[in-house]
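Protein chains in written order, with the working numbering: chain A, 214 to 486; chain H, 105 to 454; chain F, 10 to 665. For reference, the structure is listed below as structure tokens.
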Amino acid sequence: MDNLFLPRVARIAAVRDETPDTKTFDLVLRQGGEPRDFTFSPGQFMELSVFGVGEAPFCFASSPTRTECIQTTVRRTGVLTDAMHTLAAGDEVGVRGPCGNGFDVAAATAKDLLFIGGGIGLPPLRGLIWNVLDERDRFGKVTILYGARTPTDLVYKDELEEWARRGDVEIHVTVDRGETGWTGNVGMVPVLFDRTELKPATTLAYVCGPPIMIKFVVQELLMRGFSPDSVISTLERMMQCGVGKCNHCCIGHRYVCRDGPVFTYRQIREMTE
Amino acid sequence: MHSNAARTIGKERMREWIGRLMERAEVLAPTSARAGDIILRRISSPLEVQWGGDIPLLPPKQAVLPQTDPLVSIGRGPGGFVVEPVYDETPRVLFGLRSCDVKGIEFLTRVHEYDLADAAYLRRAAAVTSVSVACVAPCAFGFCICCDAGPFLADSFDVQLTDLGDRFLAEVGSEKGGRLLEPSADLFRTGRADEVALRHELEEAAKRAFGPETCHFASAMRRVSVGRVSAELWDEIADTCLECGACNFVCPTCYCFSVKDQARDGRWVRCRTWDSCQFRAFTLEASGHNPREAHRERVKRRFFHKVSAQYFRRDGAVGCVGCGRCVKVCLGTSDMPAVVAAIRKGEWHG
Amino acid sequence: MRRAHAIRGRRRVTGREGKAVDPVLTTCPFCPCGCGFYLLAREGRTEGVIPSASDPVSRGRLCARGWASHEAPAWGERLTEPLLRHDGRMRPVSWETALDAAAGSLAAMRRAGRTIGVLGSARATNEENYLAVRMARGALQTPHVGTCLSPAYQPLLDGLHDVTERHAGSGGVADLEGCDVIVLVEGDVAVTHPQVAGAIVRARKAGCRLVTIGAVASQMTRLATLAIAAPPGRERAVTFELAAAALATGRLDTATIVAAGETFDELRRSLAGVEVSKAVARAAGWYAQAQRAGIVVAPLVGDATDLRRLAGDVATLAAATGHLDRDGSPLLMLPARGNLRGACEVGASSAFLPGFAPLSDEKAASRLEGVWGVPPARETGLDATAMLSAARGAVIVAEDPSVVLPAGALAREALGRMECVVLLDAFATGALELATVVLPIASFAENDGTVTGLDGRLRRVRAAVGPPGMARPGWAVLGAMLGRLGPAAEYESAEGVRREIARAVPPDAAPRWRELDQVGVAPKGERNGLRRRSLGPLTPCEPVEPAPFVALWNGVFDWGRDPLVRYSPTLCRESVAQRKLFPGGFVELSKEAMERLGVRQGWPVRLKSAGGEAVAPALMRADLAAGVVVVPFALRDGLAPAMGGRSVASVAVERA
Ligand SMILES: Cc1cc2nc3c(=O)[nH]c(=O)nc-3n(C[C@H](O)[C@H](O)[C@H](O)COP(=O)(O)OP(=O)(O)OC[C@H]3O[C@@H](n4cnc5c(N)ncnc54)[C@H](O)[C@@H]3O)c2cc1C
Ligand code: SF4
Ligand code: SF4
Ligand code: FES
């Protein structure tokens, strides 16, 4: 029986600025041996702590297939995330987890995969995307649709280009408002649907982003013939423990931290609260 | 294995027994505090035990899940941060509990074992042994009979005492209970058939003494489980609730908490602290979004967790042991029996 | 340390040994309901609360704040060593050095004839407030003493005094539960005074009629039998009408009228011909006929004259209908925070000596001279806001004036201009940066003494743990400063200070300060019936110019920045979130108003008044009247220019 609340100490190996309010942290676990024995699946999350400040949930932004470090992308919005943003390479944080169910990667085998991300919703998808790309042969067509408010708010800019160059991935990026120098798409994420060919019957759609974006995207997908079972999303709720004990994250009798955060749209629709 | 055979102990020997328990463990018992309140606390003499007073306002939950509960100690070592789990495995005897409170601890232990086992809770709870006293008459606000949590217990207890006048009948309900009696076997003798019969008579009499107007969960559960309670009714109930959280804090089965770091002389202790689903901030997210912004949603949540069939299946019981504490401490008027009645009848009389 | 001026109160620190200590019976440090409960402690830290069923006020019921009151002392950022500013930087120093520096600068300023102010606090005990008064009017010979919150409360007491000749209402919170009718001049008591709200909820359940008078809807107005909408800050218009309507019902108390003689005719004349709305007439009828009827006045925004008249109206209403001092008919003025009533009573006031003795009262002055060894300064002092801008030096006990005063950031600037600011506090607050000397004192959980509830009950505060680090109880620190400032003063305990208060207040108030049991003494003297046998005319409201919008502060006190809330992980969450989301404040508008202006949720609007203007996001609030704009008091700094220093202002609102 483990102490559910005991974090492992991790050292920050590198910090990268993604946007003015978002940073990606590379974490290497110090206690408990090699990062390898920290196994997680994409879509799961960890409770990350800045000692003395507190803990909060953040999803793994890296793929379990990459074992050199764990990555997470943190947007600055409050007490803990402010503290995270003051940290630099060499500083230590606490990592507890993995928590939650994660994406069912096995079930995606041989399917076409459609990733739809909005703003800070790309990180959880990124873990899955790299996982898929590292085992590219197991999956069908891979399409990525990504939108942010402005070009400045796009995360993983280098990787977006890298993915675009690969050839085995179809990727479309859009922004709500362009800026000087922006030559790409302008408009909300749903405008990207017309740029790609959708095969609802054989495709799994993964949607992550702000609630309002999820709402519109899911509507659009259902209208275009996706079944509620093949639309997969993650839910965000206030969390304290991440292990199904504190009751902060409940929706009805479902626990987002245990039963989720990954749910099919059918499950989300059937929730009782 | 423990022996289920009932034993008796003369009341004049009780002090001796408690004294012996105190040598091996922290003994917590109902005592009379400064202003005359009965509170459960650690005793320093068997004389402090208060027999038969009011039920303490704070349940023995405090002994397994303290209001401020240290979980992890965080310090700095030469090589960086050092984190260590904090466990409290002090042997404790909770003496003089009511039946409902024993059921409450059993409930808490079940939810902390469920799914991922919570070592911090379970280790503390494992070191706790209870000695409860069966209730021979209903207490003023209690309705344990509706929750299968009293007045006498058939299971879940460690040691259950029944007051037979000049002596107590002691039943052992668990191995822990057996271990508690063992070293003091000389103070007990085997219970006689007439003593056991008297205990059963007392139980029947106690059950009969509960009036018909108690707390009928079944029909409320049907409505709550399928969401057949109108928003207007929840609104009306919410208007008589002052969001104090007392109903949660004194509830033997409530265990919501938050986790925070407390600074202590250059290090920190990560603690869990009691929280309440009735607080607006309970579900408030960093973005400002709050899925339970409306007060009605929070009241609804409390009763969904306590009396829905979904949670009944998950938690193994309704989230109420009928102790009646929320009736006493509710700053407004939306206590458990009142709300259950309102849900059943479809109208609020608060 | 010179013995005579040593700091007392270095109590044995209990519970440092890893063991739990016995629960300690004490009084809630938050609102003035004055609930009693036990504090639990372990390893020298408070860790929990046990309600007390036998407490006469709380009867086992506590609000969220009470339940979390153990948190701030254990989790908060505590002041643990005396600090002295040296070359612009704060340095830890010994008590000796800190006290010498504080007393030295104050004495020098006094000799140089500089203005010095002393602020007590609703967060401090009666003993601490009393010693602050003794320091001001005695040792420093300055009349500028008070608390930041008095200006919103003292006028209500004065209004009661106009009618009843005493600065107090009558009855207690529990009495509300037995009332047939309750008239509530509402702010938002469900939030500000939960125990009062709870009593009202239970009274409603028992069939009591509830009449609310207020500008904005609240939980209590939703529960009301009759909710009378009053324009913001104009609740007084309704109370005046109520008094007139009650007189018109003819169901008056003969004894009072006979005793009042001609003054009753004056009253009647002043109310003749007042137009009374149907709703008010109904409410007045209920009130006049009830066996037991209560009046509750929540902390209100509004100017002092209005508040004073409002209290006069309701006191007259209660007196004329025979409810004043009747058993079971409470008349309660709710102070905004914990010990505000106590602070005013012991003399933390620009206009009174301890025990509400008038400054002109020769007997009081010579009594104080006997106790203090110097005659008290007897001029009328400046109120807290004026004091801060006029004074060159200040002693501040347990307060951050910029958080509590309506002036907000301006108070900060005023403090920043001072030569010497001596700050006593248990918690780190924003005032720290402006202090010259910081003296760390015990929080309520480590302190002994008394506080006064809104019902006048004197209640004990008891130390559950020892103060952290070098911190000492406030009474001991103030005592040591008094010792240095002279004439000699020495206190062995908080009890000793209380005994001195008993000698300092007028003789009829003294017994309560002498006799104090476990849970506190209710003021007996107040039940002895109407002392004054006269009534008097009431002043009608002046008409106001109709304005397109009236803006008012939401509340008169910001719990969010009170250290006991701010440092409680459970209690701080909402206010922290609000501050984060709206650092510059926001304005709340009705749906109609938002539609009329063509703004949506979160869009900026501009408030313009004679005083100035400010821009903030607009939020929709369903329960508002069309012409009312509500501005959070807690976030007032951003919107202060538009309010022009007033708590209610006529404004124009436009899309920004
Ligand atoms: C499953 C999951 C995955 C997430 N993944 C990411 C991610 O990859 N990147 C990212 O930037 N953000 C992520 N978030 C959101 C992130 O947890 C919040 O932004 C963060 O808690 C804010 O903490 P704070 O202390 O800065 O904010 P404050 O507003 O100061 O919050 C105070 C405390 O409240 C709690 N809290 C507040 N909001 C939330 C919330 N939405 N969810 C959970 N706890 C909350 C935390 O304990 C937090 O410390 C995720 C949330 C969830 C539930
Ligand atoms: S005890 Fe009563 S008032 Fe307090 S939160 Fe519970 S239901 Fe509401
Ligand atoms: S009602 Fe007031 S005194 Fe009572 S617990 Fe709440 S804040 Fe404390
Ligand atoms: S976060 Fe605690 S139960 Fe889900």
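Using N, Cα and C, we set each Cβ at its ideal position, and we do this for glycine too.
Per DSSP, reduced to three states, the secondary structure at H/S362 is strand. Contacts with chain H at 8 Å (Cβ-Cβ) do not include A/G315. By the CB criterion at 8 Å, F/A302 and F/D189 fall inside the cutoff. With 16 or more other Cβ atoms inside 10 Å of its own Cβ, F/W568 counts as buried. At the C-beta level, F/A252 and F/L326 come within 8 Å of one another. At least one heavy atom of ligand 1 lies less than 7 Å from the C-beta of A/R288. Between F/V430 and F/I405, the C-beta spacing is below 8 Å. Rounded to whole angstroms, the separation of the alpha carbons of H/K207 and H/A274 is 18 Å. The secondary-structure analysis by DSSP pairs F/G594 with nothing; it has no beta-bridge partner. The stretch 544-560 of chain F makes contact with the stretch 279-298 of chain F: 3 or more CB pairs, one atom from each, lie closer than 8 Å. When secondary structure is reduced to three states using DSSP, F/T151 falls in the coil class, being assigned neither helix nor strand.
In this structure, H/A350 and H/L435 form a Cβ contact; the two beta carbons are roughly 6 Å apart against a cut-off of 8 Å. For H/E389, the CB falls within less than 7 Å of some heavy atom of ligand 1. Taking 8 Å as the CB threshold, H/A244 stays off the interface with chain F.
One alpha carbon belongs to H/V431, the other to F/R211, and they sit about 12 Å apart. For chain F, the residues of the stretch 408-436 of chain H that bring a beta carbon within less than 8 Å of one of its beta carbons are K432, V433, C434, L435 and G436, in chain order. In terms of side-chain proximity, the C-beta atom of A/L293 is found nearer than 7 Å to a non-hydrogen atom of ligand 1. H/A224 has a beta carbon lying within less than 8 Å of a beta carbon in chain A.
Counting along the chain, H/C345 sits inside no alpha helix (DSSP H), nor does DSSP assign it H or E at all.
Judged by DSSP secondary structure, H/I159 falls outside any beta strand (DSSP E); it is assigned neither H nor E.
For A/R243 and H/A167, the gap between their C-alpha atoms comes out near 35 Å. By the criterion of at least three beta-carbon pairs nearer than 8 Å, the stretch 392-408 of chain A is in contact with the stretch 358-376 of chain A.
One thing to note: A/D381 has its Cβ within 8 Å of the Cβ of A/R349. Taking a C-beta cut-off of 8 Å against chain A, the contacting residues of the stretch 362-390 of chain H are S362, V363, K364, D365, A367, W372, R374, R376, D379, C381, F386, T387, L388, E389 and A390, listed in chain order. Put simply, the CB of F/Q300 is far from chain H, with every gap to its CB atoms at 8 Å or more.
Under the three-state reduction of DSSP, A/G455 is assigned to coil, being neither helix nor strand. Assignment of beta-bridge partners to F/L616 by DSSP yields F/A623 and F/V662. One thing to note: F/S61 has its Cβ within 8 Å of the Cβ of F/G69. For a cut-off of 8 Å, the C-beta gap from F/V192 to F/Y296 is around 6 Å, short enough to register as a contact. Among the bridge pairs identified by DSSP, F/F558 is matched with F/V660. Between F/R466 and the set F/S338, F/S179 and F/A497, the nearest pair of CA atoms involves F/S179. Against chain H, the beta carbon of F/P308 has no neighbour under 8 Å; the closest one sits roughly 17 Å away. The beta carbon of H/R283 sits closer than 7 Å to none of the beta carbons in its chain outside the five residues before and after it. Within the stretch 546-578 of chain F, the residues whose Cβ lies closer than 9 Å to some Cβ of chain H are P578, listed in chain order. Remark: C-beta atoms of F/G458 and F/V470 approach each other more closely than 8 Å. Put simply, the CB of F/W484 is far from chain H, with every gap to its CB atoms at 8 Å or more.
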